[in-house]
Amino acid sequence: MSVKDKQVGIMTYIDNSEKMLEDFSWLYKSWIHSGCWQTSDLIVVHHPALADKLPQESGIVLIPLEPVSQHDPQFQNYHFINSIACLSGPHIDTVLKRYSWLLRTDADVFLTHHLANFTPLYPVHGRGNYHFTANFREKMLDFCQRHGVEHRQHFGCGHSVMLSSELMISFLQRQMHWCRKLAEDFGPDRANWGAWPGWYRGVLTMYAAEIAANERWPDYLQDGRERILDMPSCTEGNIDTLTLHIHATHGDTLFSKFRYRAGEYADIDPTTLDRRRVDHYCTWICLTPIEAIKAQAGYIE
1 MSVKDKQVGI
11 MTYIDNSEKM
21 LEDFSWLYKS
31 WIHSGCWQTS
41 DLIVVHHPAL
51 ADKLPQESGI
61 VLIPLEPVSQ
71 HDPQFQNYHF
81 INSIACLSGP
91 HIDTVLKRYS
101 WLLRTDADVF
111 LTHHLANFTP
121 LYPVHGRGNY
131 HFTANFREKM
141 LDFCQRHGVE
151 HRQHFGCGHS
161 VMLSSELMIS
171 FLQRQMHWCR
181 KLAEDFGPDR
191 ANWGAWPGWY
201 RGVLTMYAAE
211 IAANERWPDY
221 LQDGRERILD
231 MPSCTEGNID
241 TLTLHIHATH
251 GDTLFSKFRY
261 RAGEYADIDP
271 TTLDRRRVDH
281 YCTWICLTPI
291 EAIKAQAGYI
301 E
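Next up, the structure:
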């Protein structure tokens, strides 16, 4: 189900996992609270087993699909590939063409009210935060040179992205192409898979996005807005007008998704939180029941 005449589609993938369902609850609640539900649809590709566990509401497009990691031998048990591979193909491309703009995101994010009426002029990129070591940069440039890609040294752009629907469809196709080339390059021997935060097979989906963006630099990066999406959820400062999209982080400080799951925030009274702050906003979304959020937002299902 979806609401007609919305210009933005927010696309994500959810696997058959309680943790991913919880991640999606944050995206879902913040989509409502921020007012994004009035201007965008959620396009959710999901494991078929989740059909009865997801909201059947207007403004939410549900597309069941078996995860690629279960049947593609090249990515066997590499579940991160699903967040890219499952968002591209005949099962979804016709849906994506309904929208002027698309935001591809992981599920463990928080949308803000600044996204609700945001209409980009140029592509908007996120923060990969995988690109800070010399080892990574050397390996990335070497890979691109060996595969005939002119890398413009725009590093770290391979995470969430907001593009026109036409550009998004072709971007995801090329991202998957480079995922396969990277997997071939790392090879089957785990001894050659590297280690974080250096050149590491475990985050090849983000590397592939960076390569796809640099490959078509005039379309994606020449005028692109970089490091806008994926604001860290542990940020202590206030939500400014460029804070459209916040990504849950794994550290020790508020807001940490791992510490939340460990129950360390259970005693926090949500009414004491300052929702103007990034870290408090994320905590408030997690701790506030969905029915309360719907009531405050005047949400119409």
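First residue of the sequence shown? That's 1 in full-length UniProt numbering, and the numbers climb one at a time after it. For glycine and all other residues, C-beta sits at the position ideal for the given N, C-alpha and C.
> Out of curiosity, what's the CA-to-CA distance linking Arg276 and His125?
Replying inline: 23 Å
> To which residues of the same chain is Tyr299 closer than 7 Å at the C-beta, ignoring the five residues directly before and after it?
Replying inline: Ile32, Trp37
> Closest by CA to Gln56, which one among Val109, Leu42, Trp178?
Replying inline: Leu42
> Which partner residues does Asn238 have in the DSSP bridge list?
Replying inline: Among the bridge pairs identified by DSSP, Asn238 is matched with Arg277.
> Are at least three pairs of beta-carbons, each pair with one atom in the stretch 236–256 and one in the stretch 173–184, less than 8 Å apart?
Replying inline: The stretch 236–256 makes no contact with the stretch 173–184: fewer than 3 CB pairs, one atom from each, lie closer than 8 Å.
>> Using 7 Å as the threshold, is the C-beta distance between Ser160 and Leu229 below it?
In response: yes
> Are the stretch 242–249 and the stretch 112–130 touching by the rule of at least three beta carbon pairs closer than 8 Å?
Replying inline: Output reads yes: the stretch 112–130 touches the stretch 242–249.
>> Using the Cβ count rule (16 or more neighbours within 10 Å means buried), how would you classify His280?
In response: buried
> So is Pro48 buried or exposed if we call it buried at 16+ other beta carbons inside 10 Å?
Replying inline: exposed
>> Tell me the DSSP secondary structure of Leu62 in three-state form.
In response: strand
>> Taking the straight line between their C-alpha atoms, what separation do you get for Met1 and Ser58?
In response: Here Met1 scores only 45 on pLDDT, less than 50, and its place in the model should not be relied on; the value that follows carries that caveat. The straight-line gap from Cα to Cα measures roughly 5 Å.
>> Spatial neighbours of Cys86 within its chain, please: C-beta separation below 7 Å, excluding the five flanking residues on both sides.
In response: Tyr13, Val45, Leu65, Pro67, Val68
>> Suppose you measure from the CA of Ile63 to the CA of Glu22; what does that come to, to the nearest Å?
In response: 18 Å
> Using the rule of at least 16 other Cβ atoms within 10 Å of the residue's Cβ for burial, across every protein chain shown, is Lys29 buried or exposed?
Replying inline: Lys29 is buried by the Cβ-count criterion.
> Would Leu27 pass as a contact of Ala107 if the rule is Cβ separation under 7 Å?
Replying inline: yes
> Got a sec? Which residues, its chain only, sit under 6 Å from Pro232 by beta carbon, not counting five neighbours each side?
Replying inline: Thr249
>> Between the stretch 92–103 and the stretch 182–201, can you find at least three pairs of beta-carbon atoms closer than 8 Å?
In response: no
> Enumerated in chain order, which unbroken segments of the beta strand (DSSP E) with a length of 3 residues or greater are wholly contained in the stretch 111–189?
Replying inline: You should have 161–164.
>> Strictly by DSSP, which residues pair up with Leu227?
In response: A quick correction: the sequence has Arg, not Leu, at residue 227. None, per the DSSP bridge assignment.
> In angstroms, rounded to a whole number, what distance separates the CA positions of Ala212 and Glu291?
Replying inline: Distance between the alpha carbons of Ala212 and Glu291: 41 Å.
> Mapping DSSP to helix, strand and coil, what is Ile300?
Replying inline: Looking at Ile300 - three-state DSSP - the assignment turns out to be coil, as it is neither helix nor strand.
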